[in-house]
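Here's the structure we're looking at; comments come further down.
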Amino acid sequence: MAPTHVLRCCQRVLAWIPVIFIALVVCWSYYAYVVELCLFTITSTGEKIIYLVVFHLSFIMFVWSYWKTIFTSPANPSKEASCFCLPKSEKEQYEKEQRPETQQEILKKVATSLPLYTRTGAGAIRYCDRCQVIKPDRCHHCSACDMCVLKMDHHCPWVNNCVGFSNYKFFILFLTYSLVYCLFIAASVLQYFIKFWTSVSVCTKLCRRKSAENCPQTDLQNTAKFHVLFLFFVAAMFCISILSLFTYHLWLVGKNRSTIEAFRAPVFRNGPDKTGFSLGFRKNISQVFGDQKKYWLLPVFTSQGDGLSFPTRLVTVDLEQPIECFLPNDLSNGAQEESPEQTSPPRESQSRLLCDDYHSGEDHKELEDLNPDQESIKISIESES
Ligand SMILES: [Zn+2]
Ligand SMILES: [Zn+2]
1 MAPTHVLRCC QRVLAWIPVI FIALVVCWSY YAYVVELCLF TITSTGEKII YLVVFHLSFI
61 MFVWSYWKTI FTSPANPSKE ASCFCLPKSE KEQYEKEQRP ETQQEILKKV ATSLPLYTRT
121 GAGAIRYCDR CQVIKPDRCH HCSACDMCVL KMDHHCPWVN NCVGFSNYKF FILFLTYSLV
181 YCLFIAASVL QYFIKFWTSV SVCTKLCRRK SAENCPQTDL QNTAKFHVLF LFFVAAMFCI
241 SILSLFTYHL WLVGKNRSTI EAFRAPVFRN GPDKTGFSLG FRKNISQVFG DQKKYWLLPV
301 FTSQGDGLSF PTRLVTVDLE QPIECFLPND LSNGAQEESP EQTSPPRESQ SRLLCDDYHS
361 GEDHKELEDL NPDQESIKIS IESES
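Here is the structure:
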């Protein structure tokens with residue numbers, strides 16, 4: 001077996017350690033809560049039943065969403081759509097060619113039939129040499145998964161999977177239910193934590209003064225106490241760490257931005273624009289969670305679109321000029337296509353969703369325009385209905 005292959009196998013096995021750690025903590029928390037707290041500690045039957053019902057509800061939702069985040073394969077452009085792979089003749093031509101400019105010409109020719117609005121920082125078509133595929137908008141290559149992932153957000157070691165188009169909703173729900181799970185445990189354990197904490201302090205003082213045999217507490221009580229005390233600490237610690245990640249991702253969903261895009265704005269043909277995919281708060285939520293609210297809290301796939309193309313804000317409003325709807329600068333001014341850095345990106349205040357004049361009531365409207373090469377490009381524009 002080749003050493004690189006062995007190394008890769010070891011890496012794959014080691015990558016499961018954080019997931020196993022989380023699974024062990026969750027199993028222990030289940031035992032500590034159900035057995036040590038509810039069965040051995042709580043005496044009131046009513047309280048026991050309420051705690052066990054709520055606990056199991058949050059536990060099931062948490063495990064379900066965690067499972068879906070881990071085991072949903074990242075969506076890959078070469079699997080999802082073969083049109084992003086170069087046709088055989090172009091691929092051979094591309095591989096033979098040494099000059100980057102000619103390679104770009106080949107890519108551009110293929111890309112004319114694809115729904116691509118983003119470019120590299122230098123204005124080139126985004127191509128992954130490793131996967132040999134033209135990268136769709138918002139797609140990035142993950143070195144850990146060794147593949148291109150549609151609408152890649154980040155590679156998460158805690159789920160040992162890439163978070164992207166296929167499982168972003170599951171990831172948000174995983175954060176939501178883990179927060180609910182930890183908050184519920186911390187809140188319901190708090191009174192017993194205070195009670196036990198004070199009694200442990202008293203007991204420790206007593207045991208120091210008397211011999212261990214004279215200690216008033218049995219081993220069983222002590223075990224339960226330490227499980228409950230530890231349960232509160234662990235739940236509170238996870239609550240604090242998950243809360244910041246959860247609020248950050250809610251903010252990203254509201255802005256329709258991935259973590260990668262939050263750090264590096266996507267480059268459109270008229271320049272970088274971090275708000276380029278934002279369609280307004282409600283539509284941004286629907287992009288991830290879908291239109292039907294009844295499915296929002298369930299870890300079932302309801303995200304909109306196919307992950308290969310996304311509606312964009314293709315409007316620039318010049319505050320000095322009458323409002324006009326905007327087709328990308330390069331379509332009206334071909335010379336700028338090659339040098340996007342010459343065009344300044346629209347200021348946030350200048351970027352607007354398409355003006356109402358262009359909305360004729362259909363969900364989608366297709367405009368046709370000619371690019372400098374007289375090739376037809378269709379631009380699908382999401383209506384604001
Ligand atoms: Zn790739
Ligand atoms: Zn990955």
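Using full-length UniProt numbering, you'd call the opening residue of the sequence shown number 1 and step up by one each time.
Here a beta-carbon is modelled for each residue, glycine too, at the ideal position from N, C-alpha and C.
Collapsed DSSP secondary structure at residue i in the structure displayed
| i | result |
| --- | --- |
| proline 18 | helix |
| valine 317 | Any answer about valine 317 is weak, because its pLDDT of 38 lies below 50 and its placement is not dependable; what the coordinates show is given next. Coil. |
| serine 349 | For serine 349, the pLDDT reaches just 34, beneath the cut-off of 50, and the residue's location in the model is therefore unreliable, although a value from the coordinates is still provided. Residue state, collapsed to three classes: coil. |
| tyrosine 127 | strand |
| phenylalanine 289 | helix |
| aspartate 330 | Note that aspartate 330 scores 35 on pLDDT, short of 50, meaning its location in the model is unreliable; the coordinates nonetheless yield the value given after this. The answer is helix: DSSP assigns aspartate 330 an H, G or I state. |
| histidine 364 | Any reading at histidine 364 is ruled out, since the residue's pLDDT is 34, under 50, leaving its predicted position unreliable. |
| valine 300 | coil |
| phenylalanine 310 | coil |
| alanine 2 | coil |
| glycine 271 | strand |
| glutamate 337 | For glutamate 337, the pLDDT reaches just 33, beneath the cut-off of 50, and the residue's location in the model is therefore unreliable, leaving the point undetermined. |
Of the residues the options, the one placed nearest residue i, counting alpha carbons only
| i | options | result |
| --- | --- | --- |
| serine 258 | Asp291, Ile240, His154, Asn160 | His154 |
| residue 386 | Met147, Glu97, Val228 | Look at the range of the chain in this structure, 1 to 385, and you will see that residue 386 is not part of it. |
| serine 239 | Asp291, Ala224, Val288, Thr176 | Checking the sequence, you will find cysteine at residue 239 rather than serine. Measuring from the Cα of cysteine 239, the nearest candidate turns out to be Thr176. |
| glutamate 95 | Val234, Gln132, Gln304 | Gln132 |
| valine 26 | Ala235, Arg130, His140 | Ala235 |
| glutamine 287 | Thr247, Lys255, Ser44 | Lys255 |
| arginine 264 | Leu297, Thr118, Leu279 | Thr118 |
| lysine 225 | Ile134, Phe59, Leu179, Cys38 | Cys38 |
| arginine 313 | Ile285, Phe277, Lys294 | Phe277 |
| leucine 183 | Leu150, Phe21, Tyr51, Lys108 | Tyr51 |
| isoleucine 185 | Ser143, Phe232, Asn222 | Phe232 |
| glutamate 90 | Leu107, Pro18, Ser82, Ser78 | Leu107 |
| lysine 109 | Ile125, Gln98, Ile49 | Ile125 |
| phenylalanine 55 | Arg269, Tyr181, Gln304, Val300 | Tyr181 |
| phenylalanine 171 | Gln103, Phe21, Glu80, Phe246 | Phe246 |
| lysine 151 | Pro77, Ala111, Phe174 | Pro77 |
| proline 299 | Ser65, Ser29, Pro3 | Ser65 |
| leucine 279 | Val267, Leu252, Lys294 | Leu252 |
| tyrosine 33 | Val19, Leu250, Ser244, Thr223 | Thr223 |
| cysteine 85 | Glu47, Asp146, Tyr127, Thr41 | Tyr127 |
| phenylalanine 281 | Phe301, Leu250, Gly305, Thr302 | Leu250 |
The beta strand (DSSP E) enclosing residue i, as first and last residue numbers
| i | result |
| --- | --- |
| methionine 147 | 147-149 |
| asparagine 161 | 161-163 |
| cysteine 38 | Neither: cysteine 38 is in no beta strand (DSSP E) and is coded neither H nor E. |
| cysteine 142 | 140-142 |
| cysteine 156 | 154-156 |
Check: residue i C-beta below 7 Å from any heavy atom of ligand 2
| i | result |
| --- | --- |
| alanine 265 | no |
| valine 149 | yes |
| alanine 144 | yes |
| cysteine 162 | yes |
| histidine 155 | yes |
Residue i CB to nearest heavy atom of ligand 1 below 7 Å
| i | result |
| --- | --- |
| histidine 227 | no |
| arginine 130 | yes |
| histidine 5 | no |
| histidine 56 | no |
| histidine 249 | no |
Where the alpha helix (DSSP H) through residue i begins and ends
| i | result |
| --- | --- |
| leucine 52 | 45-71 |
| leucine 107 | 100-111 |
| alanine 262 | 259-263 |
| proline 115 | It is not in any alpha helix (DSSP H) - proline 115 carries neither H nor E in the DSSP assignment. |
| glutamine 93 | 88-96 |
| proline 266 | No alpha helix (DSSP H) contains proline 266, which DSSP labels as neither H nor E. |
| lysine 79 | 77-80 |
Determine, using beta-carbon pairs with one atom in the stretch 155-166 and one in the stretch 65-76, whether at least three such pairs fall under 8 Å. yes
Is the stretch 7-16 touching the stretch 188-201, taking contact as three or more C-beta pairs under 8 Å? no
Would you check if there are 3 or more beta carbon pairs closer than 8 Å linking the stretch 106-115 to the stretch 268-287? no
Would you call the stretch 135-145 and the stretch 306-314 in contact, with 3 or more CB pairs under 8 Å? yes
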